[in-house]
Amino acid sequence: MTGLRCSLPKACANNDGFVKNPKDAALRCILRIFLLFIFLISFLGGCAHDPMHPATGAGHLLSPEEALGTIDLRDSRKTFMKAVAQVVVNTEEGRYPLKLAILATKPASLRLEAIPIIGLPNFFLSIHNGIMKVYLPQNGEYYVGPATINNLKSFFPIQLAVPDLVALLMGCRPTMSSEQTVLKGSSEGKSYRVDILSRENHPLQSLWIDPENLYLTRLDRFGKNGDKPLTVYFDEYFQDNDVSMPSRVRFQMPGMDKRDISLRYDGATFAPLTNETERIFDLPVPEGVRTIILK
Numbered sequence: 012m013t014g015l016r017c018s019l020p021k022a023c024a025n026n027d028g029f030v031k032n033p034k035d036a037a038l039r040c041i042l043r044i045f046l047l048f049i050f051l052i053s054f055l056g057g058c059a060h061d062p063m064h065p066a067t068g069a070g071h072l073l074s075p076e077e078a079l080g081t082i083d084l085r086d087s088r089k090t091f092m093k094a095v096a097q098v099v100v101n102t103e104e105g106r107y108p109l110k111l112a113i114l115a116t117k118p119a120s121l122r123l124e125a126i127p128i129i130g131l132p133n134f135f136l137s138i139h140n141g142i143m144k145v146y147l148p149q150n151g152e153y154y155v156g157p158a159t160i161n162n163l164k165s166f167f168p169i170q171l172a173v174p175d176l177v178a179l180l181m182g183c184r185p186t187m188s189s190e191q192t193v194l195k196g197s198s199e200g201k202s203y204r205v206d207i208l209s210r211e212n213h214p215l216q217s218l219w220i221d222p223e224n225l226y227l228t229r230l231d232r233f234g235k236n237g238d239k240p241l242t243v244y245f246d247e248y249f250q251d252n253d254v255s256m257p258s259r260v261r262f263q264m265p266g267m268d269k270r271d272i273s274l275r276y277d278g279a280t281f282a283p284l285t286n287e288t289e290r291i292f293d294l295p296v297p298e299g300v301r302t303i304i305l306k
């Protein structure tokens with residue numbers, strides 16, 4: 012038979028088991044080890060995560076629009092909240108602990124009742140349909156007027172519009188119009204950060220999201236001059252009726268009127284809002300009290 016013949020040396024054994032060419036056998040052994048090494052590298056490389064998409068949670072793989080959409084869709088199931096919270100207000104004047112019963116429903120209905128250690132509740136506040144009512148039994152006074160930021164601040168130590176306060180107390184972010192905003196997403200430490208900017212590139216909100224479960228863990232709010240009047244932290248999430256809720260919400264307000272308000276929920280439950288539960292947000296005028304009109 013004619014044709015090309017390969018003249019490569021053979022490194023094989025004779026019938027008696029001895030190697031014909033020891034040098035070739037050693038070379039083949041090294042070649043096998045090298046091929047095994049390449050195989051292991053390829054196998055392990057196939058299991059590694061793409062460095063452009065670090066596998067630290069679903070949040071890093073989402074766009075900022077998708078991350079916000081997931082949070083807002085989850086929060087849309089929070090309808091009527093009923094909770095008891097241990098509240099601590101820290102100011103430059105001192106530390107003030109109290110216990111509050113909280114009823115809230117979005118967009119802007121709220122009822123607060125202070126629960127003393129002994130005796131009956133001594134503070135009632137209700138906001139519904141844009142009207143705020145406050146009853147102070149010890150003073151025999153009943154206040155009624157529009158639910159403005161200034162009126163609310165006179166009785167609850169926080170300067171927020173009612174819809175924003177209700178959302179934050181329920182572990183949600185305050186909503187804003189998305190038509191004139193720009194979203195930017197980035198990684199910061201172990202969190203996925205979403206910055207909400209105006210069309211003029213001024214910061215409006217910054218959100219920190221746990222990438223493992225897409226829980227909101229921090230919110231910064233910015234003023235018109237780029238200052239940061241409010242930071243809110245959300246910690247220790249739990250679930251009720253498939254609704255995720257932080258058991259601790261902490262407000263930090265820097266500046267001249269610096270204060271820190273921490274709420275730890277003993278328990279919060281969620282249920283559909285009905286006509287009966289909606290009536291809870293009304294606060295009728297008690298008999299024999301002085302009515303004061305708020306402007």
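Residues 12 to 306 in the working numbering are what the sequence shown lists, from first letter to last.
For glycine and all other residues, C-beta sits at the position ideal for the given N, C-alpha and C.
Nothing here was measured: the structure is a model prediction, and the numbers come from that model.
By the three-class DSSP mapping on this structure, what secondary structure does residue i have?
i, result
"T116", "strand"
"E103", "coil"
"P214", "strand"
"F166", "coil"
"I128", "coil"
"L284", "coil"
"V177", "helix"
"G278", "strand"
"G68", "In this predicted model, G68 has a pLDDT of only 49, less than 50, meaning its place in the structure is not dependable enough to derive any value."
"G156", "strand"
"T90", "coil"
"P257", "strand"
"D221", "strand"
"T192", "strand"
"N186", "According to the sequence displayed, residue 186 carries Thr and not Asn. If DSSP states are grouped into helix, strand and coil, T186 belongs with coil."
"L73", "coil"
"L136", "strand"
"L208", "strand"
"E247", "strand"
"F262", "strand"
"D83", "helix"
"A96", "strand"
Any idea if residue i is buried or exposed, counting beta-carbon neighbours within 10 angstroms, 16 or more meaning buried?
i, result
"S202", "buried"
"G182", "buried"
"H213", "exposed"
"S188", "exposed"
"L121", "buried"
"D175", "buried"
"P222", "buried"
"L84", "exposed"
Shortest alpha-carbon distance to residue i belongs to which of the options?
i, options, result
"V254", "L79, L84, T81 and K89", "K89"
"E124", "K117, K93 and N101", "K93"
"V95", "S258, G200 and V145", "S258"
"K195", "V243, N236 and S217", "S217"
"D349", "S74, E76, F91 and P75", "This structure leaves residue 349 out entirely; the chain is present only between 12 and 306."
"T242", "F249, S120 and T228", "T228"
"I303", "T159, D83, V155 and F233", "V155"
"L230", "K117, R85 and L215", "L215"
"P127", "A78, Q97 and N236", "Q97"
"R275", "V100, P75 and S74", "V100"
"A119", "E77, P222 and T186", "T186"
"P283", "L73, P75, S87 and D83", "S87"
"V177", "L84, L208, T192 and I113", "I113"
"L79", "G299, P108, Y226 and Y153", "Y226"
"F300", "Q149, S198 and T288", "Per the sequence presented here, residue 300 reads as Val, with Phe not at that position. For V300, the nearest C-alpha among the options comes from Q149."
"E298", "E152, R232 and I82", "E152"
"S74", "E247, S198 and M256", "S198"
Output the distance between the C-alpha atoms of residue i and residue j, rounded to the nearest integer angstrom.
i, j, result
"S137", "L163", "10 Å"
"F245", "K110", "19 Å"
"S273", "R210", "34 Å"
"P168", "M267", "14 Å"
"F249", "N224", "12 Å"
"T285", "N140", "15 Å"
"A115", "A158", "15 Å"
"G234", "P240", "7 Å"
"R184", "E104", "30 Å"
"W219", "R204", "5 Å"
"N308", "R106", "A question about residue 308 goes unanswered here, because the residues of the chain that appear run from 12 up to 306."
"L180", "N236", "26 Å"
"L305", "V173", "16 Å"
"R200", "F135", "It is Gly, not Arg, that sits at residue 200 in the sequence shown. Straight-line Cα distance between these residues: approximately 42 Å."
"L171", "K269", "14 Å"
"E76", "D271", "31 Å"
"D206", "T81", "16 Å"
"T102", "R232", "20 Å"
"L208", "S165", "31 Å"
"P108", "T288", "28 Å"
"M256", "E247", "8 Å"
"Q191", "K117", "23 Å"
Does any residue of chain B bring its CB to less than 7 Å from the CB of residue i?
i, result
"L147", "Absent here is chain B; the protein component of the structure consists of one chain."
Query raised in the report: Would you say the segment 124-132 touches the segment 267-286, given that touching needs at least three Cβ pairs under 8 Å?
Result: no
Query raised in the report: Below 8 Å, can you find three or more Cβ-Cβ pairs linking the segment 286-301 to the segment 260-268?
Result: no
Query - Sufficient close CB pairs (3 or more, under 8 Å) joining the segment 145-161 to the segment 294-303 - result: yes
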